[in-house]
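One structure below.
In this note's numbering, the protein residues as written are 177 to 304.
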(Lines of atoms letter the chains of each structure in order from A and count residues from 1; the text may use other names and numbers.)
(Lines give C-alpha, C1' and ligand atoms only; values in the text may rest on other atoms or scores of the structure.)
Protein backbone atom coordinates (compact mmCIF):
# COMPACT_ATOMS: atom_id res chain seq x y z
CA UNK A 1 0.00 0.00 0.00
CA UNK A 2 1.46 3.36 -0.96
CA UNK A 3 0.65 6.91 -0.12
CA UNK A 4 0.87 9.27 2.76
CA UNK A 5 2.21 7.88 5.99
CA UNK A 6 0.98 8.54 9.49
CA UNK A 7 2.78 7.72 12.68
CA UNK A 8 0.76 5.52 15.00
CA UNK A 9 1.54 4.91 18.62
CA UNK A 10 -0.26 2.40 20.79
CA UNK A 11 0.26 0.40 23.93
CA UNK A 12 0.47 -3.36 23.59
CA UNK A 13 1.04 -6.10 26.15
CA UNK A 14 4.77 -6.70 26.70
CA UNK A 15 4.57 -10.43 25.85
CA UNK A 16 2.98 -9.57 22.48
CA UNK A 17 5.68 -7.00 21.70
CA UNK A 18 8.32 -9.58 22.61
CA UNK A 19 6.71 -12.09 20.21
CA UNK A 20 6.57 -9.50 17.44
CA UNK A 21 10.22 -8.61 17.98
CA UNK A 22 11.25 -12.28 17.92
CA UNK A 23 9.31 -12.97 14.69
CA UNK A 24 10.66 -9.81 13.07
CA UNK A 25 14.19 -10.85 13.99
CA UNK A 26 13.71 -14.38 12.64
CA UNK A 27 12.26 -13.00 9.38
CA UNK A 28 14.95 -10.32 9.28
CA UNK A 29 12.42 -7.53 8.75
CA UNK A 30 11.70 -4.40 10.77
CA UNK A 31 9.01 -4.60 13.45
CA UNK A 32 7.03 -1.91 11.62
CA UNK A 33 6.96 -3.97 8.42
CA UNK A 34 5.69 -7.01 10.35
CA UNK A 35 2.94 -4.96 12.02
CA UNK A 36 1.89 -3.32 8.75
CA UNK A 37 1.74 -6.71 7.00
CA UNK A 38 -0.29 -8.19 9.88
CA UNK A 39 -2.75 -5.28 9.81
CA UNK A 40 -3.15 -5.46 6.03
CA UNK A 41 -3.76 -9.21 6.19
CA UNK A 42 -6.35 -8.81 8.94
CA UNK A 43 -8.17 -6.04 7.03
CA UNK A 44 -8.17 -8.14 3.85
CA UNK A 45 -9.57 -11.07 5.83
CA UNK A 46 -12.31 -8.91 7.36
CA UNK A 47 -13.29 -7.59 3.94
CA UNK A 48 -14.26 -11.13 2.90
CA UNK A 49 -16.24 -11.99 6.04
CA UNK A 50 -19.99 -11.68 5.56
CA UNK A 51 -20.64 -10.42 9.10
CA UNK A 52 -18.14 -7.60 8.73
CA UNK A 53 -19.40 -6.70 5.26
CA UNK A 54 -22.94 -6.47 6.63
CA UNK A 55 -21.78 -4.25 9.50
CA UNK A 56 -19.85 -2.01 7.10
CA UNK A 57 -22.89 -1.78 4.80
CA UNK A 58 -25.09 -0.81 7.74
CA UNK A 59 -22.56 1.82 8.82
CA UNK A 60 -22.63 3.24 5.28
CA UNK A 61 -26.43 3.20 5.04
CA UNK A 62 -26.68 4.88 8.47
CA UNK A 63 -24.18 7.58 7.48
CA UNK A 64 -21.55 6.48 10.05
CA UNK A 65 -18.98 5.95 7.28
CA UNK A 66 -18.54 7.39 3.82
CA UNK A 67 -18.23 6.09 0.28
CA UNK A 68 -14.43 6.51 0.11
CA UNK A 69 -13.97 4.39 3.24
CA UNK A 70 -16.17 1.62 1.83
CA UNK A 71 -14.29 1.83 -1.48
CA UNK A 72 -10.94 1.52 0.30
CA UNK A 73 -12.07 -1.54 2.25
CA UNK A 74 -14.30 -3.40 -0.23
CA UNK A 75 -13.14 -2.09 -3.59
CA UNK A 76 -14.71 0.15 -6.22
CA UNK A 77 -17.30 -2.28 -7.60
CA UNK A 78 -18.78 -3.26 -4.23
CA UNK A 79 -18.74 0.34 -3.00
CA UNK A 80 -20.62 1.47 -6.12
CA UNK A 81 -23.20 -1.28 -5.60
CA UNK A 82 -23.78 -0.09 -2.03
CA UNK A 83 -23.96 3.53 -3.19
CA UNK A 84 -26.61 2.74 -5.79
CA UNK A 85 -28.58 0.65 -3.32
CA UNK A 86 -28.40 3.42 -0.71
CA UNK A 87 -29.62 5.97 -3.25
CA UNK A 88 -32.56 3.74 -4.15
CA UNK A 89 -33.41 3.33 -0.45
CA UNK A 90 -33.21 7.09 0.13
CA UNK A 91 -35.70 7.85 -2.64
CA UNK A 92 -39.26 8.43 -1.63
CA UNK A 93 -41.64 6.66 -3.92
CA UNK A 94 -44.13 8.80 -5.73
CA UNK A 95 -47.75 8.49 -4.73
CA UNK A 96 -49.91 8.65 -7.84
CA UNK A 97 -52.59 11.29 -7.77
CA UNK A 98 -55.56 11.59 -10.08
CA UNK A 99 -56.40 15.06 -11.30
CA UNK A 100 -59.98 14.05 -12.05
CA UNK A 101 -62.35 11.32 -11.00
CA UNK A 102 -62.01 7.87 -12.51
CA UNK A 103 -63.89 7.46 -15.79
CA UNK A 104 -67.16 5.58 -15.75
CA UNK A 105 -67.19 2.01 -17.07
CA UNK A 106 -69.14 3.13 -20.13
CA UNK A 107 -66.70 5.84 -21.10
CA UNK A 108 -63.68 3.71 -20.28
CA UNK A 109 -64.78 0.63 -22.23
CA UNK A 110 -66.55 2.63 -24.92
CA UNK A 111 -69.27 0.00 -25.00
CA UNK A 112 -71.31 -2.25 -22.77
CA UNK A 113 -69.37 -3.79 -19.89
CA UNK A 114 -69.59 -7.56 -19.73
CA UNK A 115 -70.39 -8.97 -16.32
CA UNK A 116 -68.76 -12.08 -14.97
CA UNK A 117 -71.16 -14.89 -14.25
CA UNK A 118 -70.10 -17.99 -12.31
CA UNK A 119 -72.51 -20.28 -14.20
CA UNK A 120 -71.25 -19.21 -17.64
CA UNK A 121 -67.69 -19.76 -16.42
CA UNK A 122 -68.38 -23.36 -15.37
CA UNK A 123 -70.23 -24.09 -18.64
CA UNK A 124 -67.27 -22.96 -20.70
CA UNK A 125 -64.87 -25.08 -18.64
CA UNK A 126 -67.16 -28.13 -19.10
CA UNK A 127 -66.96 -27.81 -22.86
CA UNK A 128 -63.17 -27.78 -22.91
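Cβ atoms here follow ideal geometry from the backbone N, Cα and C, with glycine treated the same way.
Count the other CB atoms within 10 Å of the CB of residue i; is the residue buried (16 or more) or exposed (fewer)?
i           : result
residue 203 : exposed
residue 294 : exposed
residue 260 : exposed
residue 285 : exposed
residue 274 : exposed
residue 219 : exposed
residue 278 : exposed
Could you work out which residue in the options is closest to residue i when comparing CA atoms only?
i           : options            : result
residue 262 : 242, 251, 199, 279 : 242
residue 184 : 221, 212, 264, 292 : 212
residue 236 : 208, 265, 214      : 265
residue 254 : 201, 224, 210      : 224
residue 182 : 189, 257, 208      : 208
residue 258 : 239, 270, 272      : 239
residue 140 : 233, 196, 201      : In this structure the chain extends from 177 to 304, so residue 140 is not present and cannot be described.
At what residues does the alpha helix (DSSP H) containing residue i begin and finish?
i           : result
residue 249 : 243–250
residue 226 : 226–237
residue 282 : 281–285
Give the list of continuous alpha helix (DSSP H) stretches no shorter than 4 residues that lie fully inside the stretch 184–219. List check, alpha helix (DSSP H) in window: 190–203.
Taking 8 angstroms as the cut-off, does the stretch 244–252 touch the stretch 218–233 (at least 3 CB pairs, one atom from each stretch)? Verdict: yes, contact present.
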